[in-house]
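Residue numbers (this note's numbering): 10 to 841.
These notes are about the structure you will find just below.
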């Protein structure tokens, strides 16, 4: 029967599963046609499919129901339809454990098992063994022995796999079939050999000597099946682990020999076995690398990257030497994997950075594509940032690379890094030549990046300023307007010789959202005003424009996409602005990560996102109703503040049907009389109208009743009022703000025991951005300085310098600078 779906059904997706609305009782009624004469194979096949579907969906069949259906199904053996017969085998296996007297089909299955139709024999064996119990097993033993050594591979495999299942039921009987299993193990068919080996192992696995003899036999005679080889490797590994054998064991020799097998899966299994051996020494690991061939490059890559990840600090030098001959023979794709493993190893053993840096520099000189070169550059930059003593060596390698670099993205990335790190080195002048060469020889995007890098040298080194100004003057005559404009701009800034200007316009750029800036400027042009455009009305970027890990400055490339995708905060800004109750609040300053106010398994799931504006906060409650017999209406979250916060308005969610999330909002005014009161705890209660409904149709009752649900308390902390911003040059930003609004206090962090813990706690509590990798605490240090940067709501820059000393606990001296005195007080009051 074919069900006709109309267009509406098709669009809703209801036709994707024709069995989704099956009812067990209806299917069992249909099963009565099994007794009809003649048998209709097509209809019977469809009904068996429905029965198997219901069983696999977890539908419970009573013993009586299952037995009646099973007895009716036995009549289907009268049909010669091959598909129907094989579906009968499947159904027998599924219903074997819930029907009574299933052995009634034993004679039918035995007949098929010993018949001439090979397509029946294998499935019949599997079905027969599923319904056979210990009392019947001896009756079919003769047939099983014959089937195990049958010349048809599918029959032999079926008998072997079924025997393996029956070992749990009657070990002693199946053990008598060992001779037949050994004969099957010499089969030319790879699956029969694999299944035979599996049965032999499970019959002998409790006898270590017998397993050892079996391994010796097959390792000498050889196997044709790669699956059997993989099983042998696993068995040998298990024996090695139990006997604590090392590389001197014949078992290890066998595993090592498998590294030269012609089948890739065997080589992979052998390499994996070696590298996973407990307490494995470098001598034992070596064959996993040395045993590779050019045909198994990805296996060799896996082996060597595993060595890199598991190697000790003392083995780094030897591993680098081994890789040298290896890397030249693999493709760029595999080279990238090796580079990533080296990067992980360098983070693990930073003292070995010089060895790895030299190796990476050699790789950088080799031929390779963009992804490969980018991976190396990223790795070198990472080493430079993690290990200050490697800075000059790494910069020298990168300077040499950009002399012949064909990739604009990599050249601009390295130039940005040179501009950031070069001026702080003991001899910054040596980098000027490499940078200016790019102005002379490269494309427009690279020339523009070189101009920006030169400006940073002039801004930070007074003795280099005259030379940089001469070069800038030359760049002002460039053929590209981007290069000319940058040179003219930097020339005018540098000539002022003011640290604050250098910090604002050369070292630390704008930290605003680019789509937000575009929208604000467009809005300003639509509404003419005598007031100048205020940058404080532009939302801040939710993530730093500069990629901290690799030092990418996105503004350096002229090949930016035509339109930047809006950030998460830009999307929230637009959504909230569309709600009439929230108009006039100004630009959205910050949106928090979701805070869960209920457990995941409760009947109502609620999470909150805190949106901070200059003088207000909006609390967005995302609610989900997990009860299919309820419809909630007029849903809101009532808030009771612990401090002088004032709840102004609630915007309820009109309806909350089952499993369809919706949002309600609360508008709160921040305290005006006490600017330092930034922390507050809200008790929250969800209130709503409940209308009971039919779980199947979703149709609600006419009447409803009011109800409420108590949620977890919601905390507002100082971090909700601060947006992270990255200052690539913290010292310049510190000088730019000046000490007009600077305050300092000392605190004792009694409950903190390590500098790492102190740093992480401070960053999390204040919600500010760590600068110049000051969040990384060097090993074995008793003191550390943490640099943090942020913007307080209202657009006030704030910087924190925390000097930490480890003694009995951690002592912290906090110095705060800001463009607004109240913000300094807020930070110190919060920390205190």
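Using N, Cα and C, we set each Cβ at its ideal position, and we do this for glycine too.
**Study point:** Limits of the beta strand (DSSP E) - the one that residue 641 falls within
**Key:** Position 632 of the chain shown, counted from the start, is the residue given in the question as residue 641. Here the beta strand (DSSP E) through residue 641 covers 639-650.
Check your understanding: Which one or two residues does DSSP pair with residue 216 in a beta bridge?
Key -> Along the chain shown, read from residue 1 onward, the residue named residue 216 stands at position 207. Bridge partners of residue 216: none, in fact.
Practice item. Tell whether a beta-carbon distance below 8 angstroms holds between residue 601 and residue 729. Key: As a working mapping, residue 601 is identified with position 592 in the chain shown. As a working mapping, residue 729 is identified with position 720 in the chain shown. For residue 601 and residue 729, yes; Cβs fall inside 8 angstroms.
Point to revise | 8 angstroms Cβ cutoff met for residue 172 and residue 153 | key: Taking the chain shown and counting its residues from 1, one reaches residue 172 at position 163. Taking the chain shown and counting its residues from 1, one reaches residue 153 at position 144. Contact: yes.
Check your understanding: CA-CA distance, residue 824 and residue 809?
Key -> As a working note, residue 824 is residue 815 in the chain shown. As a working note, residue 809 is residue 800 in the chain shown. Going by the C-alpha atoms only, they are around 6 angstroms apart.
**Study point:** Alpha-carbon to alpha-carbon, residue 36 and residue 2
**Key:** With the chain covering 10 to 841 only, the question about residue 2 has no answer from this structure.
Review point. How big is the Cα-Cα spacing for residue 513 and residue 576?
Key: Here residue 513 refers to the residue found at position 504 of the chain shown. Here residue 576 refers to the residue found at position 567 of the chain shown. C-alpha separation (whole angstroms): 24 angstroms.
Practice item. Quick one: grab the DSSP three-state call for residue 6. Key: There is simply no residue 6 to check, as the chain begins at 10 and stops at 841 in what is shown.
Review point. If we ignore side chains and look at the alpha-carbon of each, how far apart do residue 628 and residue 604 end up?
Key: By one-based count along the chain shown, residue 628 stands at place 619. By one-based count along the chain shown, residue 604 stands at place 595. Rounded to whole angstroms, residue 628 to residue 604 spans 11 angstroms at the Cα level.
Exercise for review: Kindly identify the DSSP beta-bridge partner or partners of residue 114.
Suggested key: Counted from its first residue, the chain shown places residue 114 at position 105. DSSP output for residue 114 lists no bridge partner at all.
Review point. Taking the runs of the alpha helix (DSSP H) that are 4 residues or longer, which of them lie wholly in the segment 366-424?
Key: 379-395, 400-411
Point to revise | Segment contact flag, the segment 796-805 with the segment 734-743, C-beta cutoff 8 angstroms, min 3 pairs | key: yes
Check your understanding: Would a C-beta distance cut-off of 8 angstroms place residue 117 and residue 79 closer than the cut-off?
Key -> Residue numbering aside, residue 117 sits at position 108 when the chain shown is read from its first letter. Residue numbering aside, residue 79 sits at position 70 when the chain shown is read from its first letter. Not in contact: residue 117 and residue 79 (Cβ atoms no closer than 8 angstroms).
Review point. To the nearest angstrom, how far is it from the Cα of residue 470 to the Cα of residue 432?
Key: Locating residue 470 in the chain shown gives position 461, counting from the first residue. Locating residue 432 in the chain shown gives position 423, counting from the first residue. Residue 470 and residue 432: Cα-Cα distance of roughly 7 angstroms.
Review point. Does the Cβ-Cβ distance between residue 185 and residue 164 come in under 8 angstroms?
Key: Indexing the chain shown from 1 puts residue 185 at position 176. Indexing the chain shown from 1 puts residue 164 at position 155. Not in contact: residue 185 and residue 164 (Cβ atoms no closer than 8 angstroms).
Check your understanding: Is the segment 84-104 in contact with the segment 132-152, if contact means three or more CB pairs nearer than 8 angstroms?
Key -> yes
Check your understanding: Which residues mark the beginning and the end of the alpha helix (DSSP H) in which residue 246 is found?
Key -> Locating residue 246 in the chain shown gives position 237, where the first residue counts as 1. Segment 235-252, the alpha helix (DSSP H) holding residue 246.
Practice item. Using beta-carbon positions only, say whether residue 547 and residue 596 come within less than 8 angstroms of one another. Key: Along the chain shown, read from residue 1 onward, the residue named residue 547 stands at position 538. Along the chain shown, read from residue 1 onward, the residue named residue 596 stands at position 587. Contact: yes.
**Study point:** Per-residue DSSP class, three states only, for residue 597
**Key:** Here residue 597 refers to the residue found at position 588 when the chain shown is read from its first residue. In the structure shown, residue 597 sits in coil (DSSP, three-state: anything other than H, G, I, E or B).
Review point. Skipping 5 residues on each side, what residues in its chain have a beta carbon closer than 6 angstroms to that of residue 704?
Key: For the purposes of this step, residue 704 is taken as the residue at position 695 of the chain shown. If we look at residue 704 and ignore the five residues flanking it on each side, its Cβ neighbours are 637, 638.
Review point. Which runs of the alpha helix (DSSP H), 4 residues or longer, sit entirely within the segment 17-72?
Key: 33-39, 50-65
Check your understanding: Helix or strand or just coil, what does DSSP make of residue 272?
Key -> Start at 1 with the first residue of the chain shown, and residue 272 comes out as number 263. Of the three classes helix, strand and coil, the one that applies to residue 272 here is coil, per DSSP.
Review point. How about residue 721 and residue 606: do their beta carbons lie closer than 8 angstroms?
Key: What you label residue 721 is simply residue 712 of the chain shown in a count that begins at 1. What you label residue 606 is simply residue 597 of the chain shown in a count that begins at 1. Yes.
Exercise for review: Give me the Cα-Cα distance between residue 265 and residue 63, rounded to the nearest whole angstrom.
Suggested key: On the chain shown, position 256 is the one that residue 265 refers to. On the chain shown, position 54 is the one that residue 63 refers to. Each residue's alpha carbon lies about 49 angstroms from the other.
Check your understanding: Using 8 angstroms as the Cβ pair cut-off and three pairs as the minimum, do the segment 811-829 and the segment 759-778 touch?
Key -> Contact holds: three or more Cβ-Cβ distances are below 8 angstroms.
Review point. Apart from the five residues just before and just after residue 543, which ones in its own chain have a Cβ nearer than 7 angstroms to its Cβ?
Key: Translated into positions along the chain shown, residue 543 becomes position 534. None.
Check your understanding: Does the distance from the C-beta atom of residue 68 to that of residue 125 stay below 8 angstroms?
Key -> As a position in the chain shown, residue 68 is number 59, starting the count at 1. As a position in the chain shown, residue 125 is number 116, starting the count at 1. Contact flag unset, no.
Point to revise | residue 630 versus residue 622: straight-line alpha-carbon distance, rounded | key: Position 621 of the chain shown holds residue 630. Position 613 of the chain shown holds residue 622. C-alpha separation (whole angstroms): 17 angstroms.
**Study point:** Residues near residue 814 by beta carbon distance below 7 angstroms, same chain, minus five either side
**Key:** Counted from its first residue, the chain shown places residue 814 at position 805. Same-chain partners within the cutoff: 791, 792, 820.
Practice item. Kindly indicate which three-state DSSP category residue 564 falls into: helix, strand or coil? Key: Within the chain shown, the letter at position 555 stands for residue 564. Because the pLDDT of residue 564 is 31, which lies under 50, any placement of that residue in the model is unreliable, and the number read from its coordinates should be weighed accordingly. Looking at residue 564 - three-state DSSP - the assignment turns out to be helix.
Exercise for review: Take residue 143 and list the residues in its own chain whose beta-carbon comes closer than 7 angstroms to its own, dropping the five residues that flank it on each side.
Suggested key: The count along the chain shown starts at 1 and reaches residue 143 at position 134. The answer, listed in chain order, is 178, 179.
Practice item. Count the other CB atoms, across all protein chains shown, that sit within 10 Å of the CB of residue 712; report buried if there are 16 or more and exposed otherwise. Key: Against the chain shown, residue 712 aligns to sequence position 703. The residue is exposed, with fewer than 16 neighbouring Cβ atoms inside 10 Å.
Check your understanding: Quick one: what does DSSP say residue 657 is sitting in, helix, strand or coil?
Key -> Residue numbering aside, residue 657 sits at position 648 when the chain shown is read from its first letter. Here residue 657 sits in strand by DSSP.
Practice item. Measure the CB-CB distance between residue 390 and residue 399 and report whether it falls below 8 angstroms. Key: The count along the chain shown starts at 1 and reaches residue 390 at position 381. The count along the chain shown starts at 1 and reaches residue 399 at position 390. No, the pair does not count as a contact, with Cβ atoms beyond the cut-off.
Review point. Distance, Cα to Cα, residue 806 vs residue 680?
Key: Position 797 of the chain shown, counted from the start, is the residue given in the question as residue 806. Position 671 of the chain shown, counted from the start, is the residue given in the question as residue 680. About 20 angstroms.
Practice item. Could you tell me the distance, in whole angstroms, from the CA atom of residue 208 to the CA atom of residue 223? Key: Locating residue 208 in the chain shown gives position 199, counting from the first residue. Locating residue 223 in the chain shown gives position 214, counting from the first residue. If you take the alpha carbons of residue 208 and residue 223, they lie about 12 angstroms apart.
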